[in-house]
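In the working numbering, the protein residues as written are 878 to 1237. Please read the structure below before turning to the comments.
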Ligand SMILES: Nc1ncnc2c1ncn2[C@@H]1O[C@H](COP(=O)(O)OP(=O)(O)O)[C@@H](O)[C@H]1O
Ligand SMILES: [Mg+2]
């Protein structure tokens, strides 16, 4: 077990071009479960592979347990990786698949058998140890791949989209298993995903990346409640936060023909930022919709009825270019074409700089 530090670490595939990972700074504690999340191509896999020793660290350093990994070959880093495509050996049994990395290391047979048996127990694979991978479900095969990593008892686990090949239901179950397994083993783990729900439900802390740059590194709750910029605000949360760049007036911000009231503190923060427009962020559940006549008028275009709640998508009537998503009660009877009026309270609003996107 060990702490992991990215110290202004960069990977530059093409000299002169923008680095795939740019001066990444992260301090990951011993035993922590950290998730790297961001859209495709943002540098998640590259950052992980730099730690694994599968990509160069072109600038800066990465330290595992205080030791600089620059120039250290992958096999000497004491890490284990699980990928999306975790090819198992089809002709070996589950037990033999897990045993293989230990055998390669020249570990004595009795010790290997013990480790495989223990990993089998931890992963609920005991009854499958003598089966071939083809006789397992996708989720069970994924667990064998995890087992192969666990038996090595590494200092750090690295996982790159390990659940992408599973169907939705299996993914939810396996993600809970991985999270609880990680807690039990207490091994520092870095998990890569493009799925923000996976990131929010699994990580102690989540690093949000965009175009090779770290946007925010924080707990799921903090990312949700205090996103550092409009990108994080829009990326974390489903459906996404409503974001409106609108003019600031005396008492608040103008939206859909109404004034959304802002507190004195919010107005003075906007004026110290020196801007005359502001990006307002309102989460779907921060809109309340009712039939009263005051408030911001909107028309519903799509209703997503989920049973427990319903998401209403539509546009503001006074400014149809602005779309809305509102989280409402399930089975409210809302229908396409309905007109609703929306309210929100100022203390729930998120405010961002209209150009830089930074939180105000
Ligand atoms: N081997 C490579 N050579 C050149 N560019 C690469 C290579 N691998 C990845 N990239 C580029 O680096 C960026 C980050 O890629 P990657 O880390 O795979 O993103 P992610 O895992 O977040 O989808 C992308 O722009 C990608 O095209
Ligand atoms: Mg990737």
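Where is the CB? At the ideal position from N, CA and C, for every residue including glycine.
Selected residue, minimal CA-CA separation from residue 1231, among 1165, 1122, 1131 and 1217: Ranking 1165, 1122, 1131 and 1217 by Cα distance to residue 1231 puts 1122 first.
Would you give the residue range spanned by the alpha helix (DSSP H) that residue 976 belongs to? Note, residue 976: alpha helix (DSSP H), 971–981.
Can you list the residues near ligand 1, meaning Cβ strictly closer than 5 Å to any non-hydrogen atom, in the order they appear in the chain? The set of residues with a C-beta under 5 Å from any non-hydrogen atom of ligand 1 comprises 890, 897, 917, 918, 919, 920, 921, 922 and 923, given in chain order.
Could you tell me which residues DSSP pairs with residue 1121 in its beta bridges? Answer is 1157, bridged to residue 1121.
Residue 1086, buried or exposed, once every other Cβ within 10 Å from all chains shown has been counted against 16: Label assigned to residue 1086: buried.
With DSSP as the reference, label residue 1222 as helix, strand or coil. Three-state result, residue 1222: coil.
Nearest by alpha-carbon distance to residue 1001: which of 890, 1057 and 989 is it? Residue 1057 is the option with its Cα nearest to residue 1001.
Sufficient close CB pairs (3 or more, under 8 Å) joining the segment 951–965 to the segment 918–930: The segment 918–930 and the segment 951–965 touch, with three or more beta-carbon pairs separated by less than 8 Å.
Output yes or no for whether 8 Å exceeds the beta carbon distance between residue 1138 and residue 1223. Their beta carbons are under 8 Å apart, which means residue 1138 touches residue 1223 by this criterion.
Beta-carbon proximity check, residue 1093 vs residue 1038, cutoff 8 Å: No.
Pick from 1005, 942 and 945: whose alpha carbon is nearest that of residue 969? Closest option to residue 969, Cα to Cα, is 1005.
Enumerate in chain order the residues of its own chain whose CB-to-CB distance from residue 925 is below 7 Å, with the five nearest sequence positions on each side excluded. Here residue 925 has 913, 1035, 1037, 1067 and 1069 as same chain residues with Cβ atoms under 7 Å from its own Cβ, once five neighbours each way along the sequence are excluded.
Where do the ends of the beta strand (DSSP E) carrying residue 888 lie? That run of the beta strand (DSSP E) goes 881–888.
Is residue 1037 close to ligand 2? I mean its beta-carbon at under 7 Å from any heavy atom of the ligand. The closest heavy atom of ligand 2 lies less than 7 Å from the beta carbon of residue 1037.
Quick check: residue 1112 and residue 1234, are their CB atoms within less than 8 Å of each other? The answer is no: Cβ separation not under 8 Å.
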